[in-house]
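Only one structure is covered here, and it is reproduced in the block below.
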Amino acid sequence: DTGVSQNPRHKITKRGQNVTFRCDPISEHNRLYWYRQTLGQGPEFLTYFQNEAQLEKSRLLSDRFSAERPKGSFSTLEIQRTEQGDSAMYLCASSSTHRTGTLEQYFGPGTRLTVT
Amino acid sequence: GENVEQHPSTLSVQEGDSAVIKCTYSDSASNYFPWYKQELGKRPQLIIDIRSNVGEKKDQRIAVTLNKTAKHFSLHITETQPEDSAVYFCAASEDSGGGADGLTFGKGTHLIIQP
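One line per chain: the protein sequences are A and B, in this order.
Just so it is clear: in the first sequence, position 23 is 23 by the numbering used here, and no numbers are missing.
Just so it is clear: in the second sequence, position 109 is 225 by the numbering used here, and no numbers are missing.
Okay, here's the thing in structure tokens:
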């Protein structure tokens, strides 16, 4: 499968613990995005990278959240000191700026986080 | 920042009829408007998108129209089929450097196709 992959698919953690998610984009896609989706809502943008550079962060992104893409390929999203309000589906998407004519962001299957 | 409003939240239509979903956006800098379909438990998938230099785009039974002056865009699905049942999201973003910035999504429309 050459699509966007995310691991783990499910994560249950206790409040106050740290969690880390991984996203592997489509090969050769240079942009990688993180979104959060809660039940009954549209995805909410968190941050995105072009290669290694983090180009944009949502003002809603708490300082407990940090994302990295050290080699411009996979990315990790870490949440420190988790709170129950962090329970959501965390979606990753990727796109390419080299393909003329399309701006499509391809989404991964998501990581469902439950904070107890 | 950008704000996207989407209506209606639920839409029920008879199979074979047309469905229309409407969105408005607030940031005049937005110039890329995709529509995503999300089935229960699945990832969002792009069904059609439009850029601000185009007023209308069509792909088989699906069409999108854009009115930049009024800052609204709409999704039209004709000859609806049971497999069209899903949640549809509109989104807006700015095209920068050959790619889209982070998307701002609407809250979604649950489309129900009645047999």
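Glycine residues also receive a C-beta, built at the ideal position from the N, C-alpha and C atoms.
Exercise. Whose C-alpha, out of A:116, A:113, A:4 and A:57, is nearest the C-alpha of residue 161 of chain B?
Worked result: What you label residue 161 of chain B is simply residue 45 of the second sequence in a count that begins at 1. Out of A:116, A:113, A:4 and A:57, A:4 has the C-alpha closest to the C-alpha of residue 161 of chain B.
Problem set entry | Strand pairing of residue 112 of chain A, partner residues [DSSP] | Against the first sequence, residue 112 of chain A aligns to sequence position 112. As computed with DSSP, residue 112 of chain A is found in a beta bridge with A:10 and A:89.
Exercise. Mind checking residue 84 of chain B: buried by the 16 CB within 10 Å criterion, or exposed?
Worked result: Residue 84 of chain B lies beyond the residue range present for chain B, which begins at 117 and ends at 231; the question has no answer from this structure.
Problem set entry | Helix, strand or coil at residue 50 of chain A [DSSP, three-state] | Against the first sequence, residue 50 of chain A aligns to sequence position 50. The answer is strand: DSSP assigns residue 50 of chain A an E or B state.
For this session: Kindly indicate which three-state DSSP category residue 70 of chain A falls into: helix, strand or coil?
Result: Counted from its first residue, the first sequence places residue 70 of chain A at position 70. Residue 70 of chain A: coil per DSSP, three-state reduction.
For this session: Could you tell me whether the Cβ atoms of residue 29 of chain A and residue 96 of chain A are closer together than 8 Å?
Result: As a working mapping, residue 29 of chain A is identified with position 29 in the first sequence. As a working mapping, residue 96 of chain A is identified with position 96 in the first sequence. Yes, they are a contact pair.
For this session: Answer yes or no: does any C-beta atom of chain B fall closer than 8 Å to that of residue 90 of chain A?
Result: Locating residue 90 of chain A in the first sequence gives position 90, counting from the first residue. No, residue 90 of chain A lies away from the interface with chain B (no Cβ there is under 8 Å from its Cβ).
Problem set entry | Cβ contact (3+ pairs, closer than 8 Å) linking the segment 208-221 of chain B and the segment 141-151 of chain B | Cβ pair count under 8 Å is three or more, so yes.
For this session: Taking only beta-carbon positions, decide if residue 162 of chain B is within less than 8 Å of chain A.
Result: Your numbering for residue 162 of chain B matches position 46 in the second sequence. With 8 Å as the cut-off, residue 162 of chain B counts as an interface residue toward chain A.
Exercise. In terms of residue numbering, what span does the beta strand (DSSP E) encompassing residue 140 of chain B cover?
Worked result: In the second sequence, counting from the first residue as 1, residue 140 of chain B sits at position 24. Note, residue 140 of chain B: beta strand (DSSP E), 135-141.
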